[in-house]
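Peer 1: For the sequence shown, position 27 (counting from the first letter as 1) is numbered 26 according to numbering that gives the first Met the number 0, and the numbering increases by one without interruption. Where is the CB? At the ideal position from N, CA and C, for every residue including glycine. Right, I'll just put the structure down here and ask away after.
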Amino acid sequence: MKRRQFIKRVVGTAAIASSKAFPAAKILGANDRVNVALIGCGGRGRLLARLMREVPNVEIAAVCDVYDAQAAAAKAWAGPRCRAYRDFRQLLEQKDVDAVLVATPDHWHAIPAVLACQAGKDVYVEKPLAHTIKEGRSILEAARRSNRIAQAGTQHRSSPHFREAARIVQSGQLGPVHFVRVWNYLNMYPDGIGQASDSEPPEGLDWDLYLGPAPYTAFNKNRFLVTYRWFWDYAGGMATDYGTHRFDSVHQVMGVDAPLSVTASGGRYGLKDGAETPDTLQITYEYPGFVLSYEASMLNGHGCGGRTPGKKYYLTRGPDDRPHGMAFYGTNGTLFADRVGFEVYPEPQAESGPGALSAPAGASEGYRMQRKEASGEDATDLHVRNFIECVRSRQKPVADVEIGHRAAIVAHLGNIAYRVGRKIRWDAVKEEIVGDAQASELLARQARKPWDLI
């Protein structure tokens, strides 16, 4: 990068970050057009933007990506009035943009989200909310200070069948639930993402801007596009990429928002590639009154636990396959759930006879579990519609930024426990790891200048 360009970037960033005057929220009517800008034009970003554009009176007014080819592709389908940018700060200067969709790699979630709030834009941030717990807190505080609508991309919150699952569990129909399992399985054996040598970046890619707050390193194709998620500098592997959705659903169904302690074990055992995050991971979380067990494998894609009749999860291999899901084990029955539905299996001794369990306190008559099933769909379209509705109404979205922050914390704590190799204890009020200086260092990161803004 030329010195003049570098200085211009530093000055521009500092000017936005130091601004203390937050623009007042523009009041939009139910039929007013909402202009949305997309930052990060990969596959997920384009999907979300397409779904937003399907909402009446929503226009994709601008797109931004450090890779010109992706920005051009997004602009082409967004329409002739859409503007394309390489630097998100220029996009944030556009007064006609009402809301910003951040769908970058994880290490670039926080800075655009914070600066968008300061620039008077509402924000939808893909999961996990941020690359570190400290950055997640920064997004939350920026949204609150500037009175912005901020939605996390944990779309299970918009799923009717997860709301029904929460009702079943919290009404006591399952009986007391003291054990919850969550799992994510996929098979990348044996080559994983492969090995790649450093090389020159492709034409039209601003590699320095792509790295942003992450340490500088030479271009490597494995650190770019979808495979970035397996490197600590940019993401957190299975726990943040897949686990965050399930942790949020556990919080929703169980009515909790933070663990007390975390232990983890695993490693990169089977994949002989250039990635860093574990291919096998087991995390145990202690919550008040129950234990949550998380397991992830990149060496086997089967998963476990029943099947919603007539529904097929992506990557599923058979009628009994559930590669991603969760199970709530109550004394009266077990509820298996994933994004396409849930089933409830009664405990035999809970149904009838001498071994039947007594009614839980506060349960209504007829509480005993029956075999149940509910069909659902991936709720991404419902989720983006909820965001747009809240941009207009100024009501809190279903996955408000604080909810997304709490879910991301669970994933980050699991990774921290894995990386330090011991049990850690969590103070959710102070958002601090108790009595472990080494682990506490991983709550934040040292951002590369000039991106040490938050």
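Taking the runs of the beta strand (DSSP E) that are 3 residues or longer, which of them lie wholly in the region 216-266?
Peer 2: Whole beta strand (DSSP E) segments, 3+ residues: 260-266.
Peer 1: Cα separation between Asp97 and Gly39?
Peer 2: 17 Å
Peer 1: According to DSSP, what are the bridge partners of Gln150?
Peer 2: Tyr123 and Asp399
Peer 1: Output needed for Asp240: all residues of its chain with C-beta closer than 7 Å, excluding positions within five of it in sequence on either side, in chain order.
Peer 2: Arg228 and Ala234
Peer 1: If you draw a straight line from the alpha carbon of Asp377 to that of Lys448, how long is it in whole angstroms?
Peer 2: When rounded, the distance between both Cα atoms is 39 Å.
Peer 1: Helix, strand or coil for Arg32, going by three-state DSSP, please let me know.
Peer 2: The answer is coil: DSSP assigns Arg32 none of H, G, I, E or B.
Peer 1: So, for Asp435: in the same chain, excluding its five sequence neighbours on each side, which residues have a beta-carbon less than 6 Å away from its beta-carbon?
Peer 2: Ile423
Peer 1: Could you check how far apart the C-beta atoms of Gly300 and Tyr215 are, in whole angstroms? I think they sit under 8 Å.
Peer 2: So it is not a contact: roughly 36 Å between Cβ atoms.
Peer 1: Please confirm whether Thr279 and Gly265 have their CB atoms less than 8 Å apart.
Peer 2: yes
Peer 1: Asp337 by DSSP, collapsed to three states: which one?
Peer 2: In the three-state reduction of the DSSP assignment, Asp337 falls in the strand class.
Peer 1: Going by the beta-carbon positions, is the gap between Leu46 and Arg391 smaller than 8 Å?
Peer 2: Taking C-beta atoms as the reference points, Leu46 and Arg391 fail to come closer than 8 Å.
Peer 1: CB Val35 to CB Val57, shorter than 8 Å?
Peer 2: yes
Peer 1: Label Gln69 either buried or exposed according to how many other C-beta atoms from any shown protein chain fall within 10 Å of its C-beta, with 16 as the threshold for buried.
Peer 2: It counts as buried.
Peer 1: Does the distance from the CB of Ala257 to the CB of Trp425 come in under 8 Å?
Peer 2: yes
Peer 1: For the beta strand (DSSP E) that Met325 lies in, which residues bound it at each end?
Peer 2: His323 to Gly329
Peer 1: Of all the beta strand (DSSP E) runs that stay within the bounds of the region 84-131, which reach a length of 3 or more residues?
Peer 2: 98-101 and 121-125
Peer 1: Can you tell me the Cα-Cα spacing of Lys120 and Gly174, whole angstroms?
Peer 2: 45 Å
Peer 1: Between the region 131-138 and the region 73-92, are three or more C-beta pairs nearer than 8 Å?
Peer 2: no
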